[in-house]
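Per our numbering, the sequence shown runs over residues 1 to 251.
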Amino acid sequence: MRRILVIGIGAGNPDYLTIQAIAALNKADVFFIPDKGEEKAALRQLRTDILDRFVENKAYRSVVLKTPKRAEAGSDYRGAVDDWHAKLAEAYGELFTAELGEDQCGALLVWGDPSLYDSTLRIIERIRATGIALDYEVIPGITSIQALAARHRIPLNRIGEPVLITTGRKLPSNPAEDTVVMLDGEQAFTRVTGNYEIFWGAYLGAPEEILVSGKLGEVSEEIERVRREAREAKGWIMDTYLLRKATPDND
Ligand SMILES: C[S@@+](CC[C@H](N)C(=O)[O-])C[C@H]1O[C@@H](n2cnc3c(N)ncnc32)[C@H](O)[C@@H]1O
Numbered sequence: 001m002r003r004i005l006v007i008g009i010g011a012g013n014p015d016y017l018t019i020q021a022i023a024a025l026n027k028a029d030v031f032f033i034p035d036k037g038e039e040k041a042a043l044r045q046l047r048t049d050i051l052d053r054f055v056e057n058k059a060y061r062s063v064v065l066k067t068p069k070r071a072e073a074g075s076d077y078r079g080a081v082d083d084w085h086a087k088l089a090e091a092y093g094e095l096f097t098a099e100l101g102e103d104q105c106g107a108l109l110v111w112g113d114p115s116l117y118d119s120t121l122r123i124i125e126r127i128r129a130t131g132i133a134l135d136y137e138v139i140p141g142i143t144s145i146q147a148l149a150a151r152h153r154i155p156l157n158r159i160g161e162p163v164l165i166t167t168g169r170k171l172p173s174n175p176a177e178d179t180v181v182m183l184d185g186e187q188a189f190t191r192v193t194g195n196y197e198i199f200w201g202a203y204l205g206a207p208e209e210i211l212v213s214g215k216l217g218e219v220s221e222e223i224e225r226v227r228r229e230a231r232e233a234k235g236w237i238m239d240t241y242l243l244r245k246a247t248p249d250n251d
């Protein structure tokens, strides 16, 4: 049966690759590399650099997956994502069947870890649901959240307390005591009122990494400015942050 290795490659630094991930890279017959257009060219480059550095058989084969564009979400976000996933599943399914022999093994290199705001596993399940015989294995990677915590030298949770992980779109103006925010194109932290600390990081793990932390009211404008300038200079940005509500204990 055809097999797919879904390999978490860490969020931005080739040194984040685990030994298990390197071993998996060296088992694959074909690498499927998504092409999400110009803006993400730098991310595609990191995948290519990883293959050049860690795959021992330099005659490896890679195939570009042209990613269909997602329609504007409008009011029906879930519907738009569902349609997009259906198109992705069709495109991936066709490519896996065409490019992999019956007993061959393909690899998908997933940014960070596949468990976190990534649909690769959902798409593979959709392909299987169409009747294409496919086995798969998941190799975990270092997420951007772990990179953020490490670079700021902080634990995510306070003793015995929970942590919420959410998106900029879903961030309320009075978030839970410890909230990690991802996929935030709108700087949702500027809507937050109250006494919070923020630990912000962009391009984590990469040479251009930027870190800012402090009381939200004091560093919010600085983060907005730094973020805008970096985005203009590079043409894209990936950032994430932890918001921590000040309590009598940590105030
Ligand atoms: C589609 S999600 C993928 C998350 C990924 N699976 C992970 O494990 O980190 C993309 C979001 O992750 C965050 N992100 C990923 N890599 C990052 C990095 N190197 N620095 C800062 N944020 C990052 C950003 O919030 C970005 O909008």
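Just so you know, even glycine gets a beta-carbon here, dropped at the ideal spot from N, CA and C.
**Separation of Val138 from Asp52, as counted between CA atoms** = Answer to the nearest angstrom: the Cα atoms are 22 Å apart.
**Message:** Going by DSSP in three states, Ile124 sits in which element: helix, strand or coil?
**Reply:** DSSP places Ile124 in helix when its eight states are reduced to three.
**Asked** In chain order, what residues of the same chain have a beta carbon less than 8 Å from the beta carbon of Pro68, not counting five sequence neighbours either side?
**Response** In chain order, Trp84, Lys87, Leu88, Ala91 place their CB closer than 8 Å to the CB of Pro68, counting only its own chain and leaving out the 5 sequence neighbours on each side.
**Request:** Give the secondary structure of Ile4 by DSSP, where H, G and I count as helix, E and B as strand, and everything else as coil.
**Result:** Note: Ile4 maps to strand in three-state DSSP.
**Asked** Of all Cβ atoms in chain B, is any one closer than 8 Å to the Cβ of Leu156?
**Response** Looking at the structure shown, chain B is missing, and only one protein chain is on hand.
**Request:** Assuming Glu197 and Leu216 form a contact by the criterion Cβ under 8 Å, report the distance between their Cβ atoms to the nearest whole angstrom.
**Result:** The Cβ separation is near 7 Å, so the contact holds.
**Item:** Complete runs of the alpha helix (DSSP H) confined to the stretch 108-161 [at least 4 residues]
**Value:** The DSSP assignment places complete alpha helix (DSSP H) segments of no fewer than 4 residues inside the stretch 108-161 at 120-129, 144-152, in order along the chain.
**Asked** Excluding the five sequence neighbours on either side, which residues of its own chain have a C-beta within less than 7 Å of the C-beta of Ile123, listed in chain order?
**Response** Here the set comprises His85, Leu88, Ala89, Tyr92.
**Asked** Are the stretch 142-157 and the stretch 229-242 touching, with three or more C-beta to C-beta distances below 8 Å?
**Response** Because the criterion of three Cβ pairs below 8 Å is met, the stretch 142-157 and the stretch 229-242 touch.
**Message:** Determine whether the beta carbon atoms of Val30 and Arg61 lie at a separation below 8 Å.
**Reply:** With respect to the 8 Å criterion, Val30 and Arg61 are classified as neighbours on the basis of their beta carbons.
**Prompt:** DSSP on Arg70, reduced to helix/strand/coil?
**Reply:** If DSSP states are grouped into helix, strand and coil, Arg70 belongs with coil.
**Message:** So the candidates are Gly101, Ala246, Leu164; which of them puts its Cα closest to the Cα of Ile4?
**Reply:** Measuring from the Cα of Ile4, the nearest candidate turns out to be Gly101.
**Request:** Please report the residue range of the alpha helix (DSSP H) in which Tyr92 lies.
**Result:** Element bounds for Tyr92: 77-99.
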